[in-house]
Amino acid sequence: MSYIPKYILKRMIAKDAVKNTDSGWKVEIKNVISPLSVDEVPDNVIDLFTVTVDGNELDKKKLALAFEDKEVTFENPQEALGVTIPVGGVIELRYKGDPLPAGEHHFKLDVAAGGDMSIEFDREVA
13 MSYIPKYILK RMIAKDAVKN TDSGWKVEIK NVISPLSVDE VPDNVIDLFT VTVDGNELDK
73 KKLALAFEDK EVTFENPQEA LGVTIPVGGV IELRYKGDPL PAGEHHFKLD VAAGGDMSIE
133 FDREVA
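Residue numbers for the sequence shown follow our numbering, beginning at 13 and rising by one.
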């Protein structure tokens, strides 16, 4: 399981990175390590990701990743092919559903692709 040091995680996910939106909420994740290119998308991509908030696993069909003007869901994962996120680029993890209640929340993103990775962080929603 890959580990991201806290000092890098703080740069990736700012204190104000979690925001409620008109259609749910989003987490802004800044690429601070190296350019990220999407060269392939496995057929079972929906099985490779798990997102939980406060210990509750989210419905993957309500999740999307967005960069600039492109939004990718588990319904259209091939749309991510060819995308490169530069250092300093921001990816939004979007959830379409109820907004988060005000207060602190615990987020966990598990990725089982190219070496397992888990990202955990606590952020407050105003």
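All C-beta atoms in this analysis are idealised placements derived from N, C-alpha and C, irrespective of residue type, glycine included.
By the CB criterion at 7 Å, Tyr107 and Lys74 fall inside the cutoff. Ranked by Cα distance from Gly100, the options Ile16, Glu132, Lys42 are led by Lys42. Spatial neighbours of Asp122 in its own chain (CB-CB distance under 6 Å, excluding positions within 5 residues in sequence) are listed in chain order as Thr62, Ser130. If you look at Leu75, you'll find it isn't in any alpha helix (DSSP H); it sits in the beta strand (DSSP E) that goes 75-79.
His117 has its alpha-carbon roughly 19 Å from the corresponding atom of Lys72. By the criterion of a C-beta distance shorter than 7 Å, Pro89 is surrounded in its chain by Val53, Val57, once the five residues flanking it on both sides are discounted. When secondary structure is reduced to three states using DSSP, Leu60 falls in the helix class. For the set Trp37, Leu93, Lys27, Asp28, the Cα lying nearest the Cα of Pro113 is the one of Trp37.
Counted as a single uninterrupted DSSP element, the beta strand (DSSP E) harbouring Ile103 occupies residues 102-108. Annotation: Leu93 is outside any alpha helix (DSSP H) and is labelled neither H nor E by DSSP.
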